[in-house]
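Quick note, the sequence shown lines up with residues 1 to 102 if you use UniProt numbering.
Before any comments, here is the structure.
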Amino acid sequence: MRLSQSQAQTIRESVLSDFGEDAHVWLFGSRVRDEEKGGYIDLYIEVQALSAADLITSKLTFLRDLHKRLGDQKIDVVLRKADGSVELPIYQIAKQTGIQWQ
């Protein structure tokens, strides 16, 4: 995994703060492969019981907070309501190839 422990901890803290205790987060994409260089910090986050408006607000707050704390990083966030009926391929890819953080 090509993130420092400090960066990973910052992300976990921000997920908890902005999405709540029930949120689950996976790091996926090139940052999980040590042999690669560069790349976005790709995060897949499953959340419980947030309205669509709250979800958007939380995502924007989360990204703002991360940019303040991590500096100028390229960050992509894929959000999914855990009880959502839509099943996009990116959800399965992120969960199958990513690293889940508690």
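Virtual Cβ for every residue (Gly too), placed ideally from N, Cα, C.
All values derive from a computational prediction rather than experimental measurement.
Check: Enclosing beta strand (DSSP E) for glutamate 46 [first to last residue]; Outcome: 41–47
Check: 3 or more residues per run - each beta strand (DSSP E) lying fully within the segment 2–86; Outcome: 24–28, 41–47, 75–81
Check: For valine 25 and leucine 43, believed in contact at Cβ under 8 Å, the rounded distance; Outcome: 6 Å
Check: Proximity winner among Arg64, Asp34, Arg80, relative to serine 4 (alpha-carbon distances); Outcome: Asp34
Check: Other residues of its chain near valine 78: CB distance less than 8 Å, five sequence neighbours each side excluded; Outcome: Asp42, Leu43, Tyr44, Ile45, Ile90, Tyr91, Ala94
Check: Nearest-angstrom Cα separation, counted from threonine 10 out to glutamine 100; Outcome: 15 Å
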